[in-house]
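To keep things clear, I will list the structure first and then write my remarks on it.
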Amino acid sequence: MNVINNIRQLRSWSTINKGARCVLVPTMGALHEGHAALIRAAREIAGQNGNVAVSIFINPLQFGPGEDFSKYPRTLIEDLSLCRDNGADMIFAPKAEDLYLPDRSIVLHETSLSQMLCGASRPGHFEGVCAIVAKLFNLVQCDDAVFGKKDYQQFAIIRRLVRDLDFNVVLHGIETVREADGLAMSSRNRYLSPEERTEAPSLRTALLAARDAWKNGARDPDVLRRLITQMIQEKAPSSRIDYVAVADATTLQPVSATTELVVIAVAVFFGTTRLIDNIELK
Numbered sequence: 022m023n024v025i026n027n028i029r030q031l032r033s034w035s036t037i038n039k040g041a042r043c044v045l046v047p048t049m050g051a052l053h054e055g056h057a058a059l060i061r062a063a064r065e066i067a068g069q070n071g072n073v074a075v076s077i078f079i080n081p082l083q084f085g086p087g088e089d090f091s092k093y094p095r096t097l098i099e100d101l102s103l104c105r106d107n108g109a110d111m112i113f114a115p116k117a118e119d120l121y122l123p124d125r126s127i128v129l130h131e132t133s134l135s136q137m138l139c140g141a142s143r144p145g146h147f148e149g150v151c152a153i154v155a156k157l158f159n160l161v162q163c164d165d166a167v168f169g170k171k172d173y174q175q176f177a178i179i180r181r182l183v184r185d186l187d188f189n190v191v192l193h194g195i196e197t198v199r200e201a202d203g204l205a206m207s208s209r210n211r212y213l214s215p216e217e218r219t220e221a222p223s224l225r226t227a228l229l230a231a232r233d234a235w236k237n238g239a240r241d242p243d244v245l246r247r248l249i250t251q252m253i254q255e256k257a258p259s260s261r262i263d264y265v266a267v268a269d270a271t272t273l274q275p276v277s278a279t280t281e282l283v284v285i286a287v288a289v290f291f292g293t294t295r296l297i298d299n300i301e302l303k
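To convert, count from 1 in the sequence shown and add 21; that's the numbering used here.
This is the structure in structure tokens:
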């Protein structure tokens with residue numbers, strides 16, 4: 022497995038491996054079984070003769086003032102082992118100064134899908150996501166890229182990025198990997214206190230209850246939002262709900278008569294730790 026730390030080495034690797042299918046798994050490190058599932062999926066897509074590239078980069082542009090950039094877990098040695106054990110061929114782990122010049126002046130600004138859900142309370146976050154993903158697509162020259170669907174809004178925005186900027190990259194969304202009690206795996210789960218960790222699976226419980234209600238004919242978004250809000254407040258009294266949204270899964274706009282797939286997305290604070298989850302409804 023190649024471990025690459027700068028752009029010059031990465032471009033050399035890409036040139037040497039030109040012609041072989043390359044599948045990229047972008048991450049911010051602090052890897053867990055959810056990331057391992059993404060790498061294994063990428064390995065299957067790449068096949069025996071292809072390459073799986075994993076980026077490990079804590080992107081400062083994704084963090085707003087007061088967010089957890091400085092304390093975000095940095096576990097590179099453990100991350101490299103997980104990547105190797107699950108079939109990665111190359112790790113790209115640059116420093117911020119290698120990717121962002123001090124006088125950088127070009128930004129990518131998404132004006133529709135990023136205006137609600139997480140984007141409403143994290144201004145600039147998705148500009149940072151678009152910037153790093155565009156740079157990685159350009160540098161790695163991947164044919165495919167694998168993302169988890171836990172961050173549903175992020176995946177929708179990256180899908181729009183590929184469409185609008187004509188990146189020749191096939192995107193693959195992988196279902197969320199969960200703990201035994203249903204909590205979506207996340208690098209931030211380690212921040213939870215014992216009490217908060219006990220309450221956190223309420224997100225999944227509430228989403229499943231909404232899915233059951235949907236199957237039984239409850240199609241009013243307000244009814245579904247109230248159901249989820251009430252369940253989380255009852256089962257996680259120490260939490261604070263950021264949002265509960267019922268939206269068109271493609272546009273993230275309110276559900277309409279033309280909506281084919283609905284997503285319910287939630288964001289909830291446990292102390293200073295913000296957890297997200299979602300569920301698709303057909």
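Yeah, the Cβ is synthetic: ideal placement off N, Cα and C, and Gly gets one too.
State yes or no: is the C-beta of residue i within less than 8 Å of the C-beta of residue j?
i: residue 221; j: residue 213; result: yes
i: residue 77; j: residue 48; result: yes
i: residue 167; j: residue 44; result: yes
i: residue 198; j: residue 192; result: no
i: residue 178; j: residue 216; result: no
i: residue 66; j: residue 172; result: no
i: residue 46; j: residue 58; result: no
i: residue 72; j: residue 119; result: no
i: residue 207; j: residue 97; result: no
i: residue 138; j: residue 174; result: yes
i: residue 181; j: residue 122; result: no
i: residue 81; j: residue 117; result: yes
i: residue 95; j: residue 22; result: no
i: residue 245; j: residue 160; result: no
For residue i, name the three-state secondary structure that DSSP assigns.
i: residue 188; result: coil
i: residue 106; result: helix
i: residue 133; result: coil
i: residue 158; result: helix
i: residue 25; result: strand
i: residue 275; result: strand
i: residue 264; result: strand
i: residue 290; result: strand
i: residue 166; result: strand
i: residue 193; result: strand
i: residue 257; result: coil
i: residue 57; result: helix
i: residue 16; result: In the structure as shown, the chain starts at 22 and stops at 303, and residue 16 therefore has no counterpart that could be examined.
i: residue 232; result: helix
i: residue 178; result: helix
i: residue 127; result: coil
Determine which residues share a DSSP beta bridge with residue i and list them.
i: residue 147; result: In the DSSP output, where bridge partners are listed per residue, residue 147 has none listed.
i: residue 301; result: 284
i: residue 47; result: 76
i: residue 183; result: BP columns for residue 183 are empty, so no partner.
i: residue 296; result: 289
i: residue 309; result: Residue coverage of the chain in this structure runs from 22 to 303, which leaves residue 309 outside it and unanswerable.
Near residue i, which residues of its chain fall below 7 Å by C-beta distance, leaving aside the five closest residues on each side in sequence?
i: residue 262; result: 250, 253 and 289
i: residue 232; result: 300 and 302
i: residue 129; result: 148, 151, 152 and 155
i: residue 146; result: 83, 85, 139 and 140
Should residue i be labelled buried (16 or more other beta-carbon atoms within 10 Å of its own) or exposed?
i: residue 306; result: Since the displayed the chain opens at 22 and closes at 303, residue 306 lies outside it and no answer follows.
i: residue 265; result: buried
i: residue 115; result: buried
i: residue 257; result: buried
i: residue 124; result: exposed
i: residue 292; result: exposed
i: residue 107; result: buried
i: residue 127; result: exposed
Using a Cβ-Cβ cutoff of less than 8 Å, which residues in the same chain neighbour residue i once the five nearest sequence positions on both sides are dropped?
i: residue 282; result: 269, 270, 271, 301, 302 and 303
For residue i, which residues from the same chain have a beta carbon less than 6 Å from its beta carbon, with the 5 sequence-adjacent residues on both sides left out?
i: residue 52; result: 100 and 103
i: residue 37; result: none
i: residue 235; result: 302
i: residue 176; result: 168, 170 and 194
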